[in-house]
Structures are given as C-alpha cells and as structure tokens.
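Report on the structure given below.
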Amino acid sequence: MSELPPTETIFETVSRHWHVPAETITPWPSSKRIFQVKDLGLVRVNFPRGGLSAREMVALVEELGQAQCAVAGLIRTQTGDLSVDVGESAVSIERLVPGQECASASLALMRRVGRELGRIHSELATFHHQPGATRSLGEWVQTTLQKAEALASQWGHGEAVRDLRAQLGGTPETLSARFGLTHGDVRGPNVLDDGDQLCFVDFNCKFEPQLADVVKMRTKWLRADQIDDGRTLSVGELAEVLFGYQQTRPLSTEDVSSFPIVWAVEQAWRLAQDLKVTHQFDDEECKARWAIADLVDDLILAPQMGRQILDAASGHN
758 MSELPPTETI FETVSRHWHV PAETITPWPS SKRIFQVKDL GLVRVNFPRG GLSAREMVAL
818 VEELGQAQCA VAGLIRTQTG DLSVDVGESA VSIERLVPGQ ECASASLALM RRVGRELGRI
878 HSELATFHHQ PGATRSLGEW VQTTLQKAEA LASQWGHGEA VRDLRAQLGG TPETLSARFG
938 LTHGDVRGPN VLDDGDQLCF VDFNCKFEPQ LADVVKMRTK WLRADQIDDG RTLSVGELAE
998 VLFGYQQTRP LSTEDVSSFP IVWAVEQAWR LAQDLKVTHQ FDDEECKARW AIADLVDDLI
1058 LAPQMGRQIL DAASGHN
C-alpha cells in the first residue's frame, strides 16, 4: 500500500492548485484519503491500482464520465489538469454527488446496479492504458487458490480450499474469460443513489475476470449495513445484478462457461481474507456477523451455486 501524504501537504496542494482557501477543506469522516471542500467537492487521494499509475486512475474516471457512465465528474485545476501528483499519489477533486449510500438489496436496485456496472465494464475494457482481453482462466485460478490455501491454512481451513481445487481439477485450463479492469470494491457505501440515478465512487481497480466484480458483491454489498446485519446476498439478489449486467454488457460464451469457476475461486479467496480479518476481532458477536462457518460449508458447493445464479439470471424477464 502506498503511503498517504501528510494532511498539511494535501491541504496545501488543493489550496494552491484549485485556488480555494485552506480553511474550507475538512477531513471526511469515513476515509483518511478523502477530504471535503465546502461548496465545491470531494478531494480524493488516488493511488496506483490494477497496473495503472495514480494519474491514470484519475484519467480513467474522467473517461468513464465522458462516456456517460455512472461516476462522479471531476473538477480541473486552475491550469486545466485533472490531478496533481504528490509522491506516488495523485490528488483530484470530484463534484459533490446527490444521493445516499446504497444500503439495500431490493431487487429493483440490484438490477439497476448491474446495468450501470455493465456499462462501466464495457468502457473499462477499452481503456488504452490497460485494455481488456479474453484469456485462459488457468493461471489466475492457480495463483488465486494457492494464495487462498496458504492464508486459510493459518487458521485451520486450508483443507476446504484444497477440496475445491481437487473438484475443479483441470477444468480452468480449458476455459477462458473476459479479463479487464474492474471497479474492485462494489459495495453499498461506494454506490450512491438519488432515486433516479446511481453513481459509482472509490474505484479500487484490479485486472482480473471482470465478472469478479459481480461475484464479490455477495459478501461486500451489505457488509457495512446495520439493518441487514451485514448478511451475504442471496442467489436471487445476485441473479438480479447479473440480469441487469447482461442488458448493457451481454455475456460472451466464454463468460457463461467460466462464471461458475470464477464464482468458486472468489469464494475461496473471500474465505481466506475473512479469516485473516476476523482473527483480529475480540468481539465474538462481530465475528459471527462474518459467517465464516457458512463460507466454509458453502465452498465445496460453490461451482453449483455459480450455475444456479446463471440459470436464475437467464430465467428473468
């Protein structure tokens, strides 16, 4: 992880390049790399992600906006630049977006999220700094499962990942998927809804099978939601996301064949990551919200669940 510049450096950079008084800049309560400029917008400290430099990350959001994707518009500096380099990071300002963070798994909302995510993926696939391509799943599956097994083994669950690897066998080597940049963190707080339009923020791009963004929503979407107690999304809710996604980015033959594998591998990685995080918790109630036991039990059935989601999405109208 790149080091966050000192707060005073960020304030000075914004004040000098956007010509705003430093006293109008205040920290954002939920993130150390976001600040608010009164009556102007949100300052974001961007870092390299997904093979892109910090400056290219900002340019990516600008291109998405130019393509009418659901992202926040950028405010240029007084000299017309999109961002200002500060060490390895790039400071930019986004326009304030109306609406609230999504804290719902209503089917109407999930379909809308899928549609907008499909539009974003179509544009991400053509971004000239890191264009997408159809690739074999083999290397990605092998690398991800190796990391997942090593991490899960530290807390006694490596066998669950090994069982999944044995079940998949050599199938991933025979399949391909559309790889490209992804949002990387599609969860409720990163999608704003004003009732009419959605806005995706806080891109944490990765270069991977693009449908991984949909898969990761299972545990990410409601993780911070207090009403729904941080539960995972159901097959039906994820099918709504995938149905909406297909309306703006139809699945290729390769995507259909590979989705159950992508689904299963991401569940293994999620299990490993959640084991690492919950190991740091002292609060047993907090640990229970992460449903580790359910993730372990579900892992061997993960390819089957992926196929269920595909079938449910194709049966919608």
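For the sequence shown, this note's numbering assigns the number 758 to the initial residue and increments by one for each residue that follows.
For each residue, glycine too, the CB sits at the ideal point set by N, CA and C.
Buried or exposed for residue i, please, with buried defined as at least 16 other CB atoms from any protein chain shown within 10 angstroms of its CB.
i: Val841; result: buried
i: Ala923; result: exposed
i: Thr900; result: exposed
i: His776; result: exposed
i: Ser846; result: buried
i: Ala1129; result: Residue 1129 is absent from the structure shown; the chain starts at 758 and stops at 1074.
i: Trp785; result: exposed
i: Lys1033; result: exposed
i: Asp1051; result: exposed
i: Pro1060; result: buried
i: Gln825; result: exposed
i: Phe969; result: The amino acid occupying residue 969 in the given sequence is Ala; Phe does not appear at that position. Ala969 is buried by the Cβ-count criterion.
i: Phe1038; result: exposed
i: Thr939; result: buried
i: Arg698; result: The structure shown does not extend to residue 698, since the chain spans only 758 to 1074, so no value can be given for it.
i: Ser813; result: A quick correction: the sequence has Glu, not Ser, at residue 813. Flag for Glu813 reads buried.
i: Lys977; result: buried
Quick check on the DSSP output: the beta strand (DSSP E) that includes residue i runs from which residue to which?
i: Thr989; result: First-last for Thr989: undefined, no H or E at that position.
i: Arg790; result: Ser788 to Val794
What is the C-beta distance between residue i and residue j, in whole angstroms, given that I count them as a contact (C-beta under 8 Å)?
i: Gly856; j: Leu949; result: 4 Å
i: Val802; j: Val771; result: The pair is not a contact, with the Cβ atoms about 10 Å apart (cut-off 8 Å).
i: Val943; j: Val1019; result: So it is not a contact: roughly 15 Å between Cβ atoms.
i: Phe960; j: Gly941; result: 7 Å
i: Phe768; j: Ala779; result: 5 Å
i: Ala816; j: Leu799; result: About 18 Å separates the two Cβ atoms, so there is no contact after all.
i: Ala862; j: Glu994; result: 5 Å
i: Gly830; j: Tyr1002; result: 24 Å between Cβ atoms; not a contact.
i: Glu873; j: Leu999; result: About 13 Å separates the two Cβ atoms, so there is no contact after all.
i: Ile877; j: Phe957; result: 6 Å
i: Leu921; j: Ala1021; result: 6 Å
i: Thr1005; j: Ser879; result: 7 Å
Got a sec, what are the start and stop residues for the alpha helix (DSSP H) residue i sits in?
i: Pro1060; result: Ala1059 to Ser1071
i: Val771; result: Thr764 to Trp775
i: Leu1008; result: That residue, Leu1008, is in no alpha helix (DSSP H); it is neither H nor E in DSSP.
i: Ala1050; result: Ile1049 to Leu1056
Inset, instruction - Check whether the stretch 932–944 touches the stretch 1050–1064, taking contact to mean three or more Cβ pairs, one atom from each stretch, closer than 8 Å. - result: The stretch 932–944 and the stretch 1050–1064 do not touch, with fewer than 3 CB-CB distances between them shorter than 8 Å.
Legend entry - 3 or more residues per run - each beta strand (DSSP E) lying fully within the stretch 880–958: 890–893, 933–939, 948–950 and 955–957
Inset, instruction - Let me know the beta strand (DSSP E) ranges lying completely inside the stretch 957–982, each 3 residues or longer, listed in chain order. - result: 963–966
Inset, instruction - Taking only runs that begin and end inside the stretch 779–859, name each unbroken beta strand (DSSP E) of 3 or more residues, in chain order. - result: Uninterrupted beta strand (DSSP E) stretches at least 3 residues long and entirely within the stretch 779–859 occur at 782–785, 788–794, 798–803, 841–843 and 846–852, given in chain order.
Legend entry - Contact the stretch 987–998 vs the stretch 904–917: 3+ CB pairs below 8 Å: no
Inset, instruction - Flag this pair as touching only if the stretch 881–893 and the stretch 1013–1028 have three or more C-beta atom pairs under 8 Å; answer yes or no. - result: no
Inset, instruction - Say whether the stretch 888–903 touches the stretch 965–973, bearing in mind that this needs 3 or more beta-carbon pairs closer than 8 Å, one atom from each stretch. - result: yes
Legend entry - Cβ contact (3+ pairs, closer than 8 Å) linking the stretch 758–776 and the stretch 828–835: Touching, per the Cβ criterion.
Inset, instruction - Evaluate contact between the stretch 815–824 and the stretch 914–929, counting only Cβ atoms and requiring at least three cross-stretch pairs below 8 Å. - result: Taking one beta carbon from each stretch, the stretch 815–824 and the stretch 914–929 have fewer than 3 pairs nearer than 8 Å; the two do not touch.
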